[in-house]
Every structure is written in C-alpha cells, then in structure tokens.
Amino acid sequence: MTNMQNIKAGPVPGGLRNIEIGRLLLEGRAFFALIVIVAVFSALSPNYFTLGNFLTMASHVAIFGILAVGMLLVILNGGIDLSVGSTLGLCGVVAGFLMQGVTVGGYTLYPPVWVVAVLTCVFGALIGLVNGVLVARFKVPAFVATLGVMYVARGAALLITNGLTYNNLGGKPALGNTGFDWLGFNHVFSVPIGVIVLAVIAIVANVVLARTAFGRWLYASGGNERAAELAGVPVKRVQVSVYALSGLCAAIAGLILSSQLTSAGPTAGLSYELTAIAAVVIGGAALTGGRGTLRGTMLGAFVIGFLSDGLVIVGISSYWQTVFTGAVIVLAVLLNAVQYKRRPKKLPKNAVPA
Amino acid sequence: MSEAFEPGVVLAARDIVKTYGATRALKGVNFEIHRGKVTTLFGENGAGKSTLMKILSGVTTPTSGEIVLDGTPVTFASTVDARDRGVSIIHQELSLAPNMSVRDNIFLGREIRTATGVDYAEETRQAAALMRELEEDIDPATPVEELRLGQQQIVEIARALSVNARILIMDEPTSALSASEVEVLFKVIRDLTSRGVSIVYISHHLEEALQITDYAVVLRDGAMTATADRSAIDLEWIVRHMVGEHYDRGSPPTGYAFGDVALSVSGASVEDKNKGVLLVDNLSLDVRAGEIVCIYGLMGAGRTELLESIAGRVPLVGGDVRLLNRSLNGLSIAQRIDRGLVLVPEDRQRDGLVQTMSVGENLTLASIASFVRNLLTQPGKEKSIVQDSIRDVHIKTAGGKAAIGSLSGGNQQKVVIGKMLATGPKVILLDEPSRGIDIGAKAEVFRLLAEKASQGLAVVYSTSEVQECLSVAHRIIVMSKGRITAEFGPDVSKEDIMAASGEAVVH
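In order, the protein sequences belong to chains A and B.
Residues in the first sequence are numbered from 1 upward in steps of one, following the UniProt record's numbering.
Residues in the second sequence are numbered from 1 upward in steps of one, following the UniProt record's numbering.
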C-alpha cells in the first residue's frame with residue numbers, strides 16, 4: 001500500500017534529518033534540560049561540579065524521586081494522587097510514634113527498627129489502598145478522593161503528635177531499637193542510602209513497567225480503560241494497586257526524610273505531591289494516562305532537584321527559586337502538548353497519495 | 001407566514017469529492033435540495049451520507065467540488081457560518097445541554113443581550129412563540145432532561161428555526177422516537193415545508209422515509225447511484241440501488257460438519273435501567289462449533305446489548321449463557337475470555353483499541369499470559385506472536401512497532417479481531433465488524449471469519465446492512481425490539497430479511 005511504500009522509501013532527504021533532530025530534542029528534552037542546568041551552574045559556581053555536591057543533591061532528589069515513581073504509576077493509569085505529601089508526613093509520624101515505644105497492657109514494647117520500617121510501609125500502602133478503593137470501587141474522581149485523604153492524613157499526623165515533633169528517634173541500645181538514622185546518614189561507597197533506595201525502586205519499577213503483565217495492563221488501562229477491560233485486563237485491580245504502590249512509595253520517602261532530619265514532624269512533606277507531579281510531567285508523561293516512562297520521570301526529578309539546589313548554591317533568593325521552578329513546569333507541559341499533538345497529525349500527510 | 005416561494009433548487013452540491021487519507025469517502029457526488037421539499041438520502045452505513053451532510057452543514061470542507069447556494073457558489077467556513085446562511089443540521093445524537101432549560105438551549109451561544117446582561121424575558125417570549133408554532137406544549141423554563149426524547153428533538157428543531165433556518169438537515173431523527181412521536185415529527189416537517197423550509201432527511205427506516213419524502217437520492221460507496229421523484233419510486237427501487245448487485249461478499253464455508261453446541265443462550269433478558277424497558281427480551285439462541293450466525297436488526301433492535309451481555313459487559317436480568325455446556329453466569333469478562341468466549345466491540349476507537357500503544361501491544365493485549373515466564377514478558381516470544389498474528393489476519397502495517405493510528409480503519413479492525421483470536425477462543429462475537437471500513441476490507445474480514453469457522457470456531461456477528469447477512473452466514477437471525485422475529489437460511493432474499501426487521505413490508 002502507499003502507506004508502506006512511503007515508510008520504506010529510500011534515502012532520507014536533508015530536510016527530514018532536521019526534523020529528526022528536532023524530534024530528538026523534543027523527546028529527550030528532560031535530558032538536555034538536565035545537561036544545560038549542570039553546565040550553567042558549574043560555570044557559575046566552582047562548588048557545583050563536585051562529587052560531594054552531586055551526592056548531596058542526589059540525596060535531596062531521592063525523596064521527590066521516590067514519590068515521583070509512585071506518582072508516575074498513578075498518572076499512567078490516568079489518575080492523580082494529591083495525598084502523597086501528607087502520607088509521607090503521617091508515615092514519618094507513625095514511625096516516630098513507634099520508636100517512642102508502644103504501651104500494651106502496662107508493658108511498653110520497643111519494636112526494633114526494621115519492624116518499625118515494615119509497619120510504616122504497610123501503613124502507607126493501606127492509605128494508598130483507601131485512595132484506590134475510593135477511586136476504583138466508589139467512582140470518586142481521583143482528584144477529589146486523594147484531596148480528601150490528603151487532609152485526613154495531615155490532620156491525623158497533627159492529632160497523633162498534638163502538633164509537636166518527635167525529636168528522639170535514636171532509640172537506646174538497651175532497648176534494642178537503635179539504627180533509625182541508618183537510612184538518612186549511612187553510605188555505601190560514599191553513596192547515601194536514600195539514593196540507593198531510589199535506584200532500587202526505580203529499577204524495580206522500570207522492570208515492572210516494561211517487562212511484566214501488570215505494566216502492560218497499566219499502560220493499556222490508562223490509554224483506554226474500556227478497551228482494556230474488554231480485552232480481559234483486570235482494570236479495577238490495576239487501579240487499586242497503583243494507589244497502594246503510591247502510598248508505599250510515600251511511606252518509604254517518609255522514613256528516609258525523618259531519618260535524614262532525625263525528627264518526625266506532622267508538617268513534613270507539605271506540598272511535596274506537587275513536586276512529584278511536576279517531576280512526572282517534566283519527564284514527558286501525559287496527565288490523560290497511558291503515556292510516560294520511568295526514565296523520563298527520573299530525569300524530571302533530577303531536573304527539579306538540581307535546579308533548585310543550584311539556585312541555592314549560586315545564592316539566588318528562595319523567592320526566585322519558586323518562580324524558576326514554576327516556569328520550568330509550565331514549559332514542560334507546553335512541550336508535552338506540542339509532542340502529543342504532533343503525532344497524529346503526521347499520519348494523514350504520509351497517507352495522502354501523491 | 002404565507003409568503004409565496006418559488007419551487008426550485010435552493011442548495012446544490014456539484015462534483016463533491018472528499019478523501020480521508022487514502023480513502024475516498026465521496027467520489028464526485030451531485031445533489032440538489034429543492035425549496036420547500038423533503039429530500040431523503042438513502043444509503044447503507046459507510047455509503048457517504050454523513051460525510052456529505054457534514055460538508056453541506058460546514059462541519060468539514062470538500063476536497064474538491066463546490067456548493068451552490070441560491071445560484072452562487074459558497075464555502076462554509078464553519079457550522080456557524082453555514083447556520084448564518086440558513087443551513088442547520090440536527091445530528092443523530094442530540095446536542096442539547098440536559099441540565100439547562102429549553103429556553104437556554106434554544107439561545108445557547110447567541111443569547112439576546114442587553115447592557116446589563118441577558119434579556120431572559122425576551123428569550124422566554126420567543127421560545128414560547130416557537131413552541132406554539134411547533135404546536136408543542138412545552139414550558140420554555142423546563143430543564144431539557146425532564147423532556148421525553150421526542151420533545152427534545154422538537155427543541156432541537158426550535159433551535160434551528162430560531163436562526164431562521166431555510167435548509168434543515170435531519171440525520172436519523174426518528175431512530176429514538178416512538179411511533180406517536182414520529183407522527184408529531186412528520187406533522188412538524190410538513191408544516192415546515194409548507195412554509196418554504198427545505199428538509200434533508202436521512203433514515204434507515206425506509207418505509208417511514210417514503211411517507212414523508214418528495215425526492216429520493218441513493219448513495220452507495222461514496223457515489224450517487226440514483227435519484228428520482230417520490231411518485232416514480234417504491235421500496236424495491238430503493239433497496240436495489242442501495243445495495244447493488246455487483247459485489248460478492250463471499251459465501252458460507254462448506255465441506256465440513258458443525259460440531260457440538262458451543263454457545264447456548266436461553267431466555268436472556270437485558271434491561272435499560274434508566275427507562276425500565278427490556279432491550280433484550282427473553283431471547284434464546286444456540287450456535288454450533290464451525291457455524292456462522294448473522295444477527296440482523298435496525299439500530300435499537302438490541303443486537304449490541306445481546307452481544308455485550310453474552311460477553312459479560314452488561315448484566316442479564318434473567319436467563320442463562322452457557323459455553324460448551326458450562327454456565328458463564330456471574331463470570332467477569334476476563335474469566336469468559338479464559339473459557340474461550342470473546343467479543344469484538346462495535347465502536348473500534350472507543351472500546352477496541354488503545355491508541356497510546358503500538359500495533360503489536362494492541363495485538364497481544366488479551367493474551368499477555370502466553371509470553372510471560374517467571375513474571376517477565378519474553379520480548380522474543382512476543383515478537384514472534386505479533387508477527388504470526390499480523391500474518392494470520394492479514395494486517396497491512398509497517399510492523400508491530402507501528403503506531404495504531406497509522407493503520408487504515410479496516411486494518412485497525414483486523415487488529416481488534418486478531419487480538420481476540422490470539423486468545424484461542426471457541427466462540428467469537430463481532431458487533432458490526434464492518435462498520436466504518438471500506439468495501440475491500442469488509443470482504444477480507446468476512447473471508448477471515450469463514451476461514452476460522454471452517455477450523456471449528458463458532459462465529460456470531462451482527463450487522464445493520466442486509467447485504468452482509470447474505471455473505472458468509474450459515475444462518476441469519478433477525479432481531480427487532482429485543483426479540484428474534486425471524487430465522488433464515490443463507491438463501492433468503494433481502495426483502496424477506498428487511499420485512500422481518502420491521503424496516504419494510506414488501507409485497
């Protein structure tokens with residue numbers, strides 16, 4: 001057919017090659033943006049391009065990055081999770097609460113740190129499950145459901161702590177619950193544990209998205225839920241799962257953050273959900289679902305992290321940082337619109353016979 | 001309102017050609033609309049009726065050819081432009097805002113403004129006047145959602161009249177109306193024509209259309225095949241020109257014996273929850289392995305509801321569906337696919353394809369388990385499955401990685417069919433598998449079904465095109481109002497099928 005002949009047509013003319021470069025720039029925009037950011041700040045400050053600084057920045061990125069992985073799953077499904085910032089805060093508080101000892105029937109139990117970590121993760125996943133059930137079973141719009149859970153979780157964190165902060169997370173050797181600072185302060189070959197956790201989560205998520213049936217189901221139900229359902233995809237189960245996974249990611253991020261800060265406060269993670277959404281969007285994912293990659297989201301998280309830390313290092317006021325971050329997000333969404341609008345338009349051009 | 005008008009041509013289409021990609025939807029159509037007369041367009045699905053109407057009402061522009069309005073060539077820049085020149089269209093799906101009142105709908109987008117806002121009093125007065133003209137007792141303040149469908153149609157007409165439409169295009173206006181509402185509509189149409197308004201009427205109900213029309217124009221495969229005065233034609237004439245005799249769409253596969261009953265539906269009923277009426281009414285049907293059954297019926301006959309309830313998408317309120325003598329009641333869509341029952345849905349874009357995924361990913365979506373080992377997909381195996389599928393159902397594509405949107409409608413349909421065939425089904429249901437695909441692709445789809453049936457697959461497909469009943473089906477079942485009204489062998493005549501569907505009574 002004409003269609004195929006055009007696709008197979010001989011040598012690529014020069015004009016087309018320019019278009020290819022344009023498309024490469026467009027599709028790899030987060031990557032190029034990251035390179036530009038690193039280059040500009042390295043030129044502006046001698047402290048920026050050092051191993052130590054990169055590791056520090058990476059450990060900042062770890063928190064947003066982990067949230068962004070969970071957010072990507074939700075956004076690929078065509079939803080949104082506004083509750084992750086609050087879930088992060090509440091999970092930190094729950095961990096802090098458990099570290100203070102749990103009084104059961106007159107005895108005070110001090111669970112070891114790994115038990116605290118596991119319980120906190122389960123708790124975070126349960127909060128996500130609530131979101132998922134609200135959205136999938138009760139058909140509450142994702143925006144509203146997670147907005148509600150966002151308030152409830154933040155309120156619960158304030159109630160548990162009575163508005164105060166748990167400052168004593170160190171534990172006592174005699175009680176066998178030391179080591180909470182491990183996540184935030186330890187290094188493996190001088191790489192912070194938080195960054196390693198992010199890397200592990202990212203790799204696992206990438207394999208899940210690219211190589212498992214669940215990943216395929218997720219892309220399909222985000223792209224066209226009705227078609228996916230008719231093809232036998234368990235769309236409800238997928239939907240519930242992504243919110244639970246997002247809650248789990250928020251709990252892990254909460255543990256790392258409170259470990260880094262050696263304190264668990266009820267206001268931790270305020271508005272982090274927006275940063276996570278921004279990372280996903282900068283990474284090229286479509287908010288309508290079905291389109292987006294883990295690689296892009298990670299680049300998005302690093303663009304935001306390296307940009308804001310760079311602005312701090314060169315001494316630009318935090319007010320300006322906010323303005324810059326906002327501008328980058330708008331630019332990213334603008335480019336998303338350009339990218340997704342272009343594709344279908346190309347087809348008729350090819351298809352029209354000469 | 002008794003102004004005299006000259007009978008004659010008010011709007012004419014000259015040599016209209018419209019191409020979408022490689023598809024020629026209209027191949028040089030000439031078409032005239034007479035002042036104060038009803039002109040009916042006849043044609044099967046995909047014949048080009050809606051494309052022509054879209055061009056006449058400014059929704060889209062022709063690739064070549066011209067539109068002549070009152071003797072002067074014109075180009076409609078948009079529907080608003082066409083409306084301003086007196087051409088209005090009432091679409092099959094009503095375009096009213098159900099939450100707003102009759103008055104607000106009539107003046108939507110062209111509110112009568114004063115210095116301080118909208119002149120609601122004047123709008124109400126004019127809306128009430130329009131309702132009186134149409135002899136409908138509807139309060140302009142009533143929210144549209146509280147009106148019956150027929151009354152909503154009247155509101156649409158009122159809206160068209162409120163901009164002084166001289167030419168009114170009605171696309172399937174009666175498909176959702178009751179018999180008495182159709183009477184009201186016809187009275188309104190006669191009233192309008194007596195005032196000089198020209199009507200273009202499109203309907204699948206041939207008899208109904210013959211009651212109201214003055215001129216008949218028949219389209220087939222994008223070309224006009226006949227045009228005549230009402231007095232010169234009858235039903236047989238329309239059917240002959242609509243369907244044509246020239247095209248062979250295959251014959252039922254022979255040379256093998258049918259197997260056991262693969263699909264058994266008994267006493268199935270499906271309810272429309274909003275209206276409390278039965279869309280499928282106590283229907284029973286057996287299909288054997290290797291058999292091809294065609295379900296013919298008009299829009300609203302309950303074909304889609306029947307197929308979707310068998311596939312598990314909509315619940316049955318009564319009855320039983322059995323596959324290979326095991327009950328499917330209560331099973332999910334996914335479980336039914338596992339047992340060997342699959343559905344190819346009617347609306348390819350909405351229910352069949354995931355536009356964000358490639359051809360290959362769409363093809364394997366229903367059978368991912370076949371290439372997953374240790375939780376991971378095996379790309380090599382997937383690739384070979386995709387290539388086999390592409391060969392098996394004859395998809396013309398640059399490869400499995402191609403974007404699904406790069407395929408033609410016919411090839412997209414083959415992807416949806418191939419996707420369900422890849423699950424290794426025992427029974428395949430296809431809801432209007434030929435909808436919106438060109439004639440060559442239709443033949444290929446039916447050839448594919450015949451081939452699979454001869455290998456033991458039980459095939460059930462629905463259609464609203466009578467010619468397609470007479471292609472590969474061993475048995476033709478006619479549905480009307482949720483029931484089976486007739487059952488024929490492959491040698492039945494078109495007229496008998498149409499008569500049984502309630503579409504036409506041929507003597």
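We treat Cβ as the ideally placed atom computed from N, Cα and C, and that holds for glycine.
| Asked | Found |
| --- | --- |
| Length of the line joining the Cα atoms of B/E468 and B/S251 | 10 Å |
| First through last residue of the alpha helix (DSSP H) which encompasses A/A62 | L51 to L76 |
| Rounded distance between the beta-carbons of A/G78 and A/G300, thought under 8 Å | With a Cβ gap of about 18 Å, A/G300 and A/G78 do not count as contacting. |
| Neighbour list for B/A334 in chain A, Cβ cutoff strictly below 8 Å | G232, V233 and P234 |
| Residue-level contact to chain A via CB, B/I395, 8 Å cutoff | no |
| Neighbour list for B/P345 in chain A, Cβ cutoff strictly below 7 Å | L230 |
| For A/L334 and B/A334, the rounded distance between their alpha carbons | 39 Å |
| Own chain partners of B/V280 with C-beta closer than 7 Å, once the 5 adjacent residues on each side are dropped | A268, S269, V270, G302, E305, L306, S309 and G482 |
| Residue span of the alpha helix (DSSP H) that contains B/K383, given as start and end | P379 to D392 |
| Rounded straight-line distance, which links the Cα of A/I277 to that of B/T356 | 20 Å |
| Beta-carbon proximity list for A/Q5, same chain, < 7 Å, skipping 5 on both sides | Low confidence applies to A/Q5: its pLDDT is 39, below 50, so where it sits in the model is not reliable enough to give any reading. |
| Paired residues, beta bridge with B/S480 - DSSP | B/R483 |
| Beta-carbon proximity list for B/A500, same chain, < 6 Å, skipping 5 on both sides | V478, T485 and A486 |
| Option in B/E291, B/R190 and B/I157 with minimal Cα separation from B/G255 | B/E291 |
| Nearest candidate by alpha-carbon position, reference B/R447, set B/A473, B/N164 and B/V243 | B/A473 |
| Spatial distance of A/L270 from A/G89 (CA atoms) | 8 Å |
| As assigned by DSSP and simplified to three states, the class of B/A228 | strand |
| Under 9 Å from the C-beta of A/G290: neighbouring residues of chain B | V354, Q355, T356 and M357 |
| Interface flag, residue 508 of chain B vs chain A, CB-CB below 8 Å | Residue coverage of chain B in this structure runs from 1 to 507, which leaves residue 508 of chain B outside it and unanswerable. |
| Chain-ordered residues of the segment 422–439 of chain B with a beta carbon less than 9 Å from chain A | T423 |
| Buried or exposed by the 16-neighbour rule on C-beta atoms within 10 Å, applied to B/F488 | buried |
| Any C-beta of chain A under 8 Å from that of B/E305 | no |
| Distance, B/G117 Cα to B/A141 Cα | 18 Å |
| Interface residues of the segment 208–224 of chain A facing chain B [CB-CB below 7 Å] | R211, T212, A213, R216, Y219, A220, G223 and N224 |
| Neighbourhood of B/K442 by C-beta, 8 Å cutoff - its chain only, sequence neighbours within 5 removed | R249, G410, S434 and E468 |
| Within chain A, partners of residue 575 of chain B - CB distance below 8 Å | Residue 575 of chain B lies beyond the residue range present for chain B, which begins at 1 and ends at 507; the question has no answer from this structure. |
| 8 Å Cβ cutoff, A/A227 in contact with chain B | yes |
| Residues sharing a beta bridge with B/E32, DSSP | B/A12 |
| Whole alpha helix (DSSP H) elements within the segment 127–169 of chain A, 4-residue minimum | 142–161 |
| Where the alpha helix (DSSP H) containing A/S42 begins and where it ends | R29 to L44 |
| Min CB distance B/K383 to chain A below 8 Å | no |
| Distance, B/L407 Cα to residue 359 of chain A Cα | Because chain A is modelled from 1 through 354, residue 359 of chain A falls outside the range shown and cannot be assessed. |
| Spatially closest choice to B/V261 from B/L298, B/L278, B/L324 and B/V29, by CA coordinates | B/L324 |
| Alpha-carbon spacing of A/F38 relative to B/I385, whole angstroms | Looking at the sequence itself, residue 38 of chain A is Val, so the reference to Phe does not match. Using only the alpha carbons, I get a separation of about 44 Å. |
| Cα-Cα separation, B/D320 to B/N105 | 44 Å |
| Candidates B/F31, B/I417 and B/V38: closest to B/Q211 by CA position | B/V38 |
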